[in-house]
Amino acid sequence: MSLLAISCVALLVGQTLGAGYHEDVGIPEAARIRAKEALQASERISGGVASRYGDNPHLAGILINLRSGQMSVCSGTLLTIKKVLTAAQCWYDGYNVGRKAEVVLGSLQLFSGSKWDVAGVTVHSKYNPSTLFNDLAMMTLRWSAWVSNNIKPAFLPDPANATYTFAGDEARVSGYGKTSDYDELNPNTNQQALTVTVMGRWDCYYNMARRPADYNKIMCTPGNIMWGTCGADLGGPLVIPNFNGTGNHLLIGVTSIQSPFGCTTQFATGYTRVTEYLSWINSNL
Numbered sequence: 002m003s004l005l006a007i008s009c010v011a012l013l014v015g016q017t018l019g020a021g022y023h024e025d026v027g028i029p030e031a032a033r034i035r036a037k038e039a040l041q042a043s044e045r046i047s048g049g050v051a052s053r054y055g056d057n058p059h060l061a062g063i064l065i066n067l068r069s070g071q072m073s074v075c076s077g078t079l080l081t082i083k084k085v086l087t088a089a090q091c092w093y094d095g096y097n098v099g100r101k102a103e104v105v106l107g108s109l110q111l112f113s114g115s116k117w118d119v120a121g122v123t124v125h126s127k128y129n130p131s132t133l134f135n136d137l138a139m140m141t142l143r144w145s146a147w148v149s150n151n152i153k154p155a156f157l158p159d160p161a162n163a164t165y166t167f168a169g170d171e172a173r174v175s176g177y178g179k180t181s182d183y184d185e186l187n188p189n190t191n192q193q194a195l196t197v198t199v200m201g202r203w204d205c206y207y208n209m210a211r212r213p214a215d216y217n218k219i220m221c222t223p224g225n226i227m228w229g230t231c232g233a234d235l236g237g238p239l240v241i242p243n244f245n246g247t248g249n250h251l252l253i254g255v256t257s258i259q260s261p262f263g264c265t266t267q268f269a270t271g272y273t274r275v276t277e278y279l280s281w282i283n284s285n286l
């Protein structure tokens, strides 16, 4: 790590993590993605592989109309035919708050897919937008989604295995963010997914640009100059695909803390650890 990067990290310690997501990322991403899809393009995980229909049937794109009148974007995970889990900062980032939202399911493109109105949003009661502590929200769809090869809920970990850390396991992150820090409008990109390795807690601590309030409730995947989560990937799923050969996608994390220095840096991405919140998640399904 360079001295410049170390200095930048030092400046971020103690600063707020989540405040300003919509102004800094979500609103410009919404405008950029819409313009790109007008050229028959979409944009996603930086450095990832273009997804095919059915690869990530649990992935939800979220279009958020803010009270300011602007539009923002996030990602989420379908857990039942009427429930989508996402990051709390997608609904309230400390400055901006959502007014209404739509969820896109079964689509490789964010703005052109089938949409479901969101009837209600439950934000974790102890969510802190400054520290991103308890960064979870549950969205309830007004109408049930139909299950198909392209739309299918992810599975949750068994509470009996809640202490398992997944460190060293291969996982998949998917979403609707940029393909690189220098992403341009072009007709050749699509929804992206990326295979990553879950880091141990200490590796997580030493490799994040933004330090979370409680590392026990966060999990990380490595950063790289060639790949990483980006922009509208926030709130999206980190899963173990084909868990134990069942063909089911096991949700283990929700994208929460991204590097302020860009998508393709060597800083780790932080995810809200699902096993730490199984009680809250299940009580809101």
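Quick note: the sequence shown uses the working numbering, first residue 2, plus one each step.
For every residue, glycine included, the Cβ atom is placed at its ideal position computed from N, Cα and C.
Quick caveat: nothing in here was measured; it's all calculated off a predicted structure.
For residue 118, is the classification buried or exposed, using 16 other Cβ atoms within 10 angstroms of its Cβ as the cut-off for buried? Within the sequence shown, the letter at position 117 stands for residue 118. Exposed, because fewer than 16 other Cβ atoms sit within 10 Å of the Cβ of residue 118.
Using only the alpha-carbon positions, how far apart do residue 276 and residue 165 sit? Within the sequence shown, numbered from 1, the residue matching residue 276 stands at position 275. Within the sequence shown, numbered from 1, the residue matching residue 165 stands at position 164. Separation of residue 276 and residue 165 (C-alpha to C-alpha, rounded to the nearest whole angstrom) is 8 Å.
When burial is assigned at 16 or more other CB atoms within 10 Å of the CB, is residue 171 buried or exposed? One-based indexing of the sequence shown puts residue 171 at position 170. Taking a 10 Å sphere around the C-beta of residue 171, we find fewer than 16 other C-beta atoms and assign the residue as exposed.
In chain order, what residues of the same chain lie with their CB nearer than 6 Å to the CB of residue 217, ignoring the 5 residues before and after it? Residue mapping note: residue 217 aligns to position 216 of the sequence shown, counting from 1. Closer than 6 Å at the Cβ level, and outside the excluded window around residue 217, lies no residue.
In whole angstroms, what is the alpha-carbon distance linking residue 246 and residue 93? By one-based count along the sequence shown, residue 246 stands at place 245. By one-based count along the sequence shown, residue 93 stands at place 92. Answer to the nearest angstrom: the Cα atoms are 38 Å apart.
Hey, could you find the ends of the alpha helix (DSSP H) residue 206 is sitting in? As a position in the sequence shown, residue 206 is number 205, starting the count at 1. Here the alpha helix (DSSP H) through residue 206 covers 202-208.
For the putative contact between residue 107 and residue 152, defined by C-beta atoms under 8 Å, what is the C-beta separation to the nearest angstrom? Counted from its first residue, the sequence shown places residue 107 at position 106. Counted from its first residue, the sequence shown places residue 152 at position 151. A Cβ-Cβ distance of about 4 Å is found for the pair residue 107 and residue 152, placing them in contact under the 8 Å criterion.
Touch check for the region 74-86 and the region 135-150: three-plus C-beta pairs under 8 Å? At 8 Å Cβ cutoff, the stretches touch.
Going by the CB atoms, is the gap between residue 21 and residue 96 shorter than 8 Å? The residue given as residue 96 occupies position 95 in the sequence shown. The residue given as residue 21 occupies position 20 in the sequence shown. It is a contact, given that the beta carbons lie within the stated cut-off.
Collapsed DSSP secondary structure at residue 69 in the structure displayed: Residue numbering aside, residue 69 sits at position 68 when the sequence shown is read from its first letter. Residue 69 falls in the coil class under three-state DSSP.
Based on DSSP bridge pairs, tell me the residues matched to residue 132. Taking the sequence shown and counting its residues from 1, one reaches residue 132 at position 131. In DSSP, residue 132 forms no bridge with anything.
Please report the Cβ distance between residue 222 and residue 199, rounded to the nearest whole angstrom; I am assuming they are in contact, meaning their Cβ atoms lie under 8 Å. Reading the sequence shown from its first residue, position 221 is the one you call residue 222. Reading the sequence shown from its first residue, position 198 is the one you call residue 199. The Cβ separation is near 6 Å, so the contact holds.
Determine the closest residue to residue 142 out of 252, 64, 132 and 238, with distance taken between C-alpha atoms. For the purposes of this step, residue 142 is identified with residue 141 of the sequence shown, where counting begins at 1. The shortest C-alpha separation from residue 142 is found at 64.
Which residue wins for smallest C-alpha separation from residue 203, given the options 197, 269 and 173? Your numbering for residue 203 matches position 202 in the sequence shown. Comparing Cα-Cα distances from residue 203 to each of 197, 269 and 173, the minimum goes to 269.
If you draw a straight line from the C-alpha of residue 271 to the C-alpha of residue 100, how long is it? Along the sequence shown, one-based indexing puts residue 271 at 270. Along the sequence shown, one-based indexing puts residue 100 at 99. Roughly 27 Å separates the two Cα atoms.
Nearest neighbour of residue 131, chosen from 257, 279 and 146 [CA to CA]: Taking the first residue of the sequence shown as position 1, residue 131 is located at position 130. For residue 131, the nearest C-alpha among the options comes from 257.
According to DSSP, what are the bridge partners of residue 93? The sequence position of residue 93 within the sequence shown is 92, counting from 1. Residue 93 pairs with 98.
Just the Cα atoms here: how many angstroms apart are residue 219 and residue 167? Within the sequence shown, numbered from 1, the residue matching residue 219 stands at position 218. Within the sequence shown, numbered from 1, the residue matching residue 167 stands at position 166. It is roughly 12 Å from the alpha-carbon of residue 219 to the alpha-carbon of residue 167.
Can you give the Cα-Cα distance for residue 90 and residue 104, rounded to whole angstroms? Translated into the one-based positions of the sequence shown, residue 90 becomes position 89. Translated into the one-based positions of the sequence shown, residue 104 becomes position 103. Looking at the two C-alpha atoms, the distance is approximately 16 Å.
Uninterrupted beta strand (DSSP E) stretches inside the region 135-172 (no shorter than 3 residues): Listed in chain order, they are 138-142.
How long is the line joining the alpha carbons of residue 81 and residue 156, rounded to whole angstroms? As a working note, residue 81 is residue 80 in the sequence shown. As a working note, residue 156 is residue 155 in the sequence shown. So the alpha carbons of these two residues sit roughly 9 Å apart.
With 16 as the cutoff for other CB atoms within 10 Å, does residue 55 come out buried or exposed? Taking the first residue of the sequence shown as 1, we reach residue 55 at position 54. Around the beta carbon of residue 55, fewer than 16 other beta carbons lie within 10 angstroms, which makes this residue exposed.
Rounding to the nearest angstrom, what Cα-Cα distance links residue 176 and residue 210 in this structure? What you label residue 176 is simply residue 175 of the sequence shown in a count that begins at 1. What you label residue 210 is simply residue 209 of the sequence shown in a count that begins at 1. Between the alpha carbons of residue 176 and residue 210 lies a distance of about 21 Å.
Local conformation of residue 294 per DSSP, three classes: Nothing about residue 294 can be read from this structure; the chain reaches only from 2 to 286.
Own chain partners of residue 196 with C-beta closer than 7 Å, once the 5 adjacent residues on each side are dropped: Translated into the one-based positions of the sequence shown, residue 196 becomes position 195. 171 and 173.
When you compare only the Cα positions, how much space is there between residue 212 and residue 66? Mapped onto the sequence shown, residue 212 falls at position 211. Mapped onto the sequence shown, residue 66 falls at position 65. Their Cα atoms are separated by approximately 29 Å.
Three-state class that DSSP yields for residue 22 in the structure shown: Position 21 of the sequence shown, counted from the first residue, corresponds to residue 22. Three-state result, residue 22: helix.
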